[in-house]
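S.K.:
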Amino acid sequence: MGYKGVDTTELILEDCRVPAGRVLGERPGQGFYQMMDGIEVGRVNVAARACGVAHRAFELAIGYAQQRQAFGKPIAQHQAIEFKLAEMGTKVVAAHQMMVMSARRKDEGGQSDLEAGMAKYLASEYGKEVVEDALRIHGGYGYSQEYEIERLYRDVPMLLIGEGTAEIQKMIIGRRLLERFAVASARGGPLFPLCLNFRLRHSRRRP
Amino acid sequence: MPRLTETDGLTDLQRDILGAVREFVDAEIIPVAGDLDRTDTYPDQIVAGLRELGVFGLTIDPEYGGLGEPLLTYALVAEEIARGWMSISGIINTHFIVAYLISRHGTAEQRAAFLPEMATGEIRAALSMSEPGLGSDVAAIRTAARRDGDDYVISGQKMWITNGASANLVALLARTPAENEQDAGRAHRNLIAFLIEKPSGFGQTGPG
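Sequence lines, in order, name chains A and X.
Heads up, the first sequence is in this note's numbering, so the first residue is 1208 and it goes up one at a time.
Heads up, the second sequence is in this note's numbering, so the first residue is 10 and it goes up one at a time.
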């Protein structure tokens, strides 16, 4: 579909002999944890790639919208398009800021899979939405190969999948949030007296 | 065209790097991306240009000939490059992850063996975990590695490897038999990451 030019391949190993000195860190049981650490930086990168694609889609759309005329004026002056551009610009900036935040968190050291997951999830979803809006602004031209936005439309879905799908990101985000906001137990725990307290205070205010 | 997104608190060096990459993207990537995409052509010239710019060694420690920049610089560079053509950011992405893995988890011998040539882009790396029957469920990997003297012998099938042909180094995850009874039931514990050298190109080859 997209992601052309780069070779994406399969690899078949048949009794492939590799010296023990080529085990990463010479720590055989740690492969999963090492790779997940690598994938975490990969997620920040996929977020960054989605930001780049979204920025380009925004550039193409805001340029085209000011040149293309409909009903006697540039389509950018129709509120339907102006509002689309406003939404796209907001998403581009939001995704960028979140990506920068997650990169800085990882650079500081310490656990950052929550931030990396959020950045990857948000930037790739926003990327897809911004690219689709840019395509719609281009009308029929957006659907034809002569226009750059057609390539972006084929490229952007890869970012929803690579380095952990959006669903895997949500799984990681959900787990970390539940850890951070853990409640002692579902029944009879701190949540129950809290509700009671709230009710009492609430009722006191009434005359 | 003006930039919509700005990043606060960057160093002068980070600004210079991003400026140079942005210029390169506008001059060398955007004008040719459409043709290369339609003909599905590997962008040799762009990769050569990125090597010259030092992008492949951006985060590698200066001790090994890189620039030693943080992940943030790399991410901002990837953003600029993807603005030109998403595929190009894929070429540097797996390379960067493997450089990170070796820097962070490799032995001194492995760092010395790979990082200097990775910094120049002579060694370009790919990352391989997924298999035909699994992707998200990483711990279900079936490609198996068994110990044989000073070597491991690996058999299995891997899938979706970005840069799988052009790379000459593959960081690959395989399953190994549990070392003790306690680890036997723990799927995450019995995985092993290899650094496998290979010639670049398609086709059949022996390792090395």
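Ideal Cβ placement from N, Cα and C applies to all residues, glycine included.
Hey, is threonine 20/X's beta-carbon within less than 8 Å of any beta-carbon in chain A?
M.R.: Counting from one through the second sequence, the residue named residue 20/X turns up at place 11. Cβ-Cβ to chain A under 8 Å: no for threonine 20/X.
S.K.: For tyrosine 1360/A, I'd like the list of residues in its chain whose CB is within less than 6 Å of its CB, leaving aside the five on either flank, ordered along the chain.
M.R.: Here the question's residue 1360/A lines up with position 153 in the first sequence. Around tyrosine 1360/A: Val1338 and Leu1342.
S.K.: Short of 8 Å Cβ to Cβ, which residues in the stretch 1258-1276 of chain A face chain X?
M.R.: Listed in sequence order: Cys1258, Gly1259, Val1260, His1262, Arg1263, Phe1265, Glu1266 and Gly1270.
S.K.: Can you give me the C-alpha to C-alpha distance between lysine 1335/A and threonine 1297/A, rounded to a whole angstrom?
M.R.: Within the first sequence, the letter at position 128 stands for residue 1335/A. Within the first sequence, the letter at position 90 stands for residue 1297/A. If I take the Cα positions, the gap works out to 14 Å.
S.K.: Strictly below 8 Å CB to CB, what residues from chain X border valine 1251/A?
M.R.: In the first sequence, counting from the first residue as 1, residue 1251/A sits at position 44. Correct list: Leu80 and Ala84.
S.K.: According to DSSP, is isoleucine 106/X part of a helix, a strand, or is it coil?
M.R.: Numbered from its first residue, the second sequence carries residue 106/X at position 97. Here isoleucine 106/X sits in helix by DSSP.
S.K.: Could you give the first and the last residue of the continuous beta strand (DSSP E) run that contains arginine 155/X?
M.R.: On the second sequence, position 146 is the one that residue 155/X refers to. Arginine 155/X -> beta strand (DSSP E) spans 153-157.
S.K.: Assuming glutamate 1322/A and methionine 1308/A form a contact by the criterion Cβ under 8 Å, report the distance between their Cβ atoms to the nearest whole angstrom.
M.R.: Counted from its first residue, the first sequence places residue 1322/A at position 115. Counted from its first residue, the first sequence places residue 1308/A at position 101. That pair is a contact at about 6 Å.
S.K.: Can you give, in chain order, each stretch of the beta strand (DSSP E) that sits fully within the stretch 70-101 of chain X and has at least 3 residues?
M.R.: Whole beta strand (DSSP E) segments, 3+ residues: zero.
S.K.: Please go through the stretch 1324-1396 of chain A and give each complete alpha helix (DSSP H) segment of 4 or more residues, from N-terminal end onward.
M.R.: For the stretch 1324-1396 of chain A, whole alpha helix (DSSP H) runs of length 4 or above, ordered along the chain, are 1355-1362, 1365-1368 and 1373-1387.
S.K.: Between glycine 1371/A and alanine 1326/A, what straight-line distance do the alpha-carbon atoms span, to the nearest angstrom?
M.R.: Translated into the one-based positions of the first sequence, residue 1371/A becomes position 164. Translated into the one-based positions of the first sequence, residue 1326/A becomes position 119. Glycine 1371/A and alanine 1326/A: Cα-Cα distance of roughly 12 Å.
S.K.: Nearest chain X C-beta to aspartate 1244/A closer than 8 Å, yes or no?
M.R.: Stepping through the first sequence from its first residue, residue 1244/A is reached at position 37. Taking Cβ atoms only, chain X reaches closer than 8 Å to aspartate 1244/A, which makes this a yes.
S.K.: Please classify valine 1390/A: is it buried, with 16 or more other beta-carbons within 10 angstroms of its beta-carbon, or exposed?
M.R.: Walking along the first sequence from the start, residue 1390/A turns up at place 183. Classification for valine 1390/A: exposed.
S.K.: Would you report the Cα separation of methionine 1242/A and alanine 183/X, rounded to the nearest angstrom?
M.R.: Reading the first sequence from its first residue, position 35 is the one you call residue 1242/A. Reading the second sequence from its first residue, position 174 is the one you call residue 183/X. Distance between the alpha carbons of methionine 1242/A and alanine 183/X is about 11 Å.
S.K.: Could you check which residue in Gly130/X, Glu118/X and His114/X has the C-alpha nearest to that of asparagine 102/X?
M.R.: Here residue 102/X refers to the residue found at position 93 when the second sequence is read from its first residue. Selected option, being the one with the closest Cα: Gly130/X.
S.K.: Would you call phenylalanine 1388/A buried or exposed, if buried means 16 or more other Cβ atoms sit within 10 Å of its Cβ?
M.R.: For the purposes of this step, residue 1388/A is taken as the residue at position 181 of the first sequence. Result: exposed.
S.K.: At the level of alpha carbons, what is the spacing between arginine 1234/A and arginine 195/X?
M.R.: Walking along the first sequence from the start, residue 1234/A turns up at place 27. Walking along the second sequence from the start, residue 195/X turns up at place 186. In a straight line, the C-alpha of arginine 1234/A is about 16 Å away from that of arginine 195/X.
S.K.: Against chain A, with Cβ distances strictly below 8 Å, would glutamine 191/X count as a contact?
M.R.: Looking up residue 191/X in the second sequence gives position 182. Judged by the 8 Å Cβ criterion, glutamine 191/X is not in contact with chain A.
S.K.: How long is the line joining the alpha carbons of isoleucine 39/X and tyrosine 161/X, rounded to whole angstroms?
M.R.: In the second sequence, residue 39/X corresponds to position 30, counting from 1. In the second sequence, residue 161/X corresponds to position 152, counting from 1. So the alpha carbons of these two residues sit roughly 44 Å apart.
S.K.: Serine 96/X and glycine 1349/A: beta carbons closer than 8 Å?
M.R.: As a first step, residue 96/X is located in the second sequence; it is residue number 87 there, counting from the start. As a first step, residue 1349/A is located in the first sequence; it is residue number 142 there, counting from the start. Not in contact: serine 96/X and glycine 1349/A (Cβ atoms no closer than 8 Å).
S.K.: Sorted by chain position, which residues of the same chain lie with C-beta nearer than 6 Å to alanine 154/X's C-beta, five sequence neighbours on each side aside?
M.R.: For this step, residue 154/X is matched to residue 145 along the second sequence. The residues are Tyr161, Ile163, Ala183, Thr185 and Ile201.
S.K.: State the CB to CB distance for the pair valine 56/X and isoleucine 90/X, rounded to an integer number of angstroms; the pair is presumed to be in contact (CB under 8 Å).
M.R.: Translated into the one-based positions of the second sequence, residue 56/X becomes position 47. Translated into the one-based positions of the second sequence, residue 90/X becomes position 81. Between isoleucine 90/X and valine 56/X the Cβ distance is about 11 Å, and since that is not below 8 Å, they are no contact.
S.K.: In chain X, which residues lie less than 9 Å from glutamine 1376/A when you measure between Cβ atoms?
M.R.: The count along the first sequence starts at 1 and reaches residue 1376/A at position 169. Result: empty, since nearest Cβ-Cβ is about 11 Å, beyond 9 Å.
S.K.: Alpha carbon to alpha carbon, how far is glutamate 206/X from methionine 138/X? Give it in angstroms, no decimals.
M.R.: Residue 138/X sits at position 129 when you count from the first residue of the second sequence. Residue 206/X sits at position 197 when you count from the first residue of the second sequence. Roughly 16 Å separates the two Cα atoms.
S.K.: By Cβ distance, which residues of its chain are closer than 7 Å to alanine 1310/A, with the 5 residues on each side in sequence left out?
M.R.: In the first sequence, residue 1310/A corresponds to position 103, counting from 1. Same-chain partners within the cutoff: Val1251.
S.K.: May I ask you to list, following chain order, the residues of the stretch 111-127 of chain X that have a beta carbon less than 8 Å from some beta carbon of chain A?
M.R.: Under the 8 Å Cβ criterion, the stretch 111-127 of chain X contributes Ile111, Arg113, His114, Gly115, Thr116, Glu118 and Gln119.
S.K.: Suppose you measure from the CA of lysine 167/X to the CA of glycine 1245/A; what does that come to, to the nearest Å?
M.R.: Translated into positions along the second sequence, residue 167/X becomes position 158. Translated into positions along the first sequence, residue 1245/A becomes position 38. Distance between the alpha carbons of lysine 167/X and glycine 1245/A: 18 Å.
S.K.: Indicate the three-state DSSP secondary structure (helix, strand or coil) for isoleucine 39/X in the structure shown.
M.R.: Position 30 of the second sequence, counted from the first residue, corresponds to residue 39/X. Note: isoleucine 39/X maps to helix in three-state DSSP.
S.K.: Using a Cβ cut-off of 8 Å (strictly closer), state whether leucine 1403/A contacts chain X.
M.R.: Position 196 of the first sequence, counted from the start, is the residue given in the question as residue 1403/A. Confidence at leucine 1403/A is low in this model, with a pLDDT of 48, below 50, so the placement of that residue is unreliable and no value is reported for it.
S.K.: Do the CB positions of glycine 93/X and proline 125/X come within less than 8 Å of each other?
M.R.: Position 84 of the second sequence, counted from the start, is the residue given in the question as residue 93/X. Position 116 of the second sequence, counted from the start, is the residue given in the question as residue 125/X. No. Outside cutoff.
S.K.: Specify the secondary structure class of arginine 12/X as computed by DSSP and reduced to three states.
M.R.: Position 3 of the second sequence, counting from 1, holds the residue named residue 12/X. Coil.
S.K.: Is it true that the CB of glutamine 1273/A sits closer than 8 Å to the CB of alanine 1283/A?
M.R.: Numbered from 1 along the first sequence, position 76 holds the residue referred to as residue 1283/A. Numbered from 1 along the first sequence, position 66 holds the residue referred to as residue 1273/A. Yes, the pair counts as a contact, with Cβ atoms nearer than the cut-off.
S.K.: When DSSP labels each residue in this structure, what does glutamate 1322/A get in the three-state scheme?
M.R.: Here residue 1322/A refers to the residue found at position 115 of the first sequence. Here glutamate 1322/A sits in helix by DSSP.
S.K.: In angstroms with no decimal places, state the Cα-to-Cα distance between valine 1363/A and alanine 1302/A.
M.R.: Indexing the first sequence from 1 puts residue 1363/A at position 156. Indexing the first sequence from 1 puts residue 1302/A at position 95. Cα to Cα, the separation comes out at about 14 Å.
S.K.: Indicate whether at least one CB of chain X lies closer than 8 Å to the CB of phenylalanine 1239/A.
M.R.: Numbered from its first residue, the first sequence carries residue 1239/A at position 32. Judged by the 8 Å Cβ criterion, phenylalanine 1239/A is in contact with chain X.
S.K.: So which residues of chain X does histidine 1345/A contact, with C-beta pairs closer than 9 Å?
M.R.: Residue numbering aside, residue 1345/A sits at position 138 when the first sequence is read from its first letter. By Cβ distance, chain X contributes nothing, its closest Cβ being about 15 Å from histidine 1345/A, past 9 Å.
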